[in-house]
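In the numbering used here, the protein residues as written are 65 to 290. First the structure, in the form of structure tokens, and then the observations on it.
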């Protein structure tokens with residue numbers, strides 16, 4: 065099994081535990097990242113970015129839960145592994161609202177709204193489609209956790225996957241910009257309850273579903289090291 069396959073299996077196992085805490089995410093990611101820095105082929109790049117995220121929604125039997133759109137921002141660390149392949153470690157955050165709309169036929173459920181933040185913790189690869197060091201279109205894929213932090217209700221941490229397409233412009237050997245669009249998919253599994261103050265006994269799924277989110281963002285690239 066490849067290193068990437070081991071990461072996916074490990075994440076799925078960890079995220080299915082109900083006792084999962086954010087401290088475990090941080091410890092797991094830090095432990096995972098250290099070996100990759102030791103094999104980096106050249107300078108590490110830091111990318112600070114901001115953009116706009118589409119919050120998406122998921123349909124449960126009892127109603128629909130909508131995450132409102134909003135401005136997002138975050139940080140990526142790019143570690144070169146080969147000439148056109150980089151390891152990407154990414155954190156993305158959006159502050160918005162969550163809105164639950166109850167379906168008729170479920171009298172125990174009422175419409176609710178709460179402030180919330182959406183937080184992505186991802187690890188994956190970014191592959192350029194050219195060896196051009198100044199203009200490089202690329203694709204990216206990653207897996208990790210999405211932490212839904214609710215102001216009034218219990219938080220939720222879900223397994224997630226992200227796909228992206230973009231382009232990197234390097235104006236000098238050290239400074240550039242990166243533009244990207246991403247498809248972001250936190251996964252709800254049938255065995256995982258979701259409450260968020262709906263007023264009922266939780267929300268249920270037949271099997272699994274994804275909140276299909278996405279964003280467009282741009283950021284400053286700063287290259288460190290050789």
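We put the CB at the ideal spot given by N, CA and C, even for glycine.
Applying the 10 Å Cβ sphere with the 16-neighbour rule, what's the burial state of residue i?
i	result
residue 79	Note on residue 79: pLDDT 45, under 50, position unreliable in the model; no value is reported.
residue 142	buried
residue 168	exposed
residue 233	exposed
residue 281	buried
residue 154	buried
residue 74	Bear in mind that a pLDDT of 44 at residue 74, under 50, signals an unreliable position, so the model cannot answer this.
residue 182	buried
residue 162	buried
residue 238	exposed
residue 291	There is no way to answer for residue 291, as the model of the chain reaches only from 65 to 290.
residue 125	exposed
residue 193	exposed
residue 112	exposed
residue 209	buried
residue 245	exposed
For residue i versus residue j, is the C-beta distance shorter than 7 Å?
i	j	result
residue 122	residue 275	yes
residue 178	residue 216	yes
residue 156	residue 138	yes
residue 277	residue 127	no
residue 107	residue 289	yes
residue 117	residue 279	yes
residue 285	residue 228	no
residue 231	residue 243	yes
Checking contacts by CB at 7 Å: is residue i closer than that to chain B?
i	result
residue 156	Checking the listed chains, one finds no chain B in this structure; it contains a single protein chain.
According to DSSP, what are the bridge partners of residue i?
i	result
residue 192	202
residue 177	163
residue 122	129
residue 224	208 and 250
residue 169	Its beta-bridge partners do not exist; DSSP assigns none.
residue 215	Answer is none; residue 215 lacks a bridge partner.
residue 231	201 and 243
residue 149	191
Which first and last residues belong to the beta strand (DSSP E) in which residue i is found?
i	result
residue 236	No beta strand (DSSP E) contains residue 236, which DSSP labels as neither H nor E.
residue 144	134-144
residue 118	108-118
residue 279	277-288
Is there contact here, the region 189-202 with the region 212-226, by at least three beta-carbon pairs under 8 Å?
no
Do the region 179-195 and the region 143-160 make contact, defined as three or more Cβ pairs closer than 8 Å?
yes
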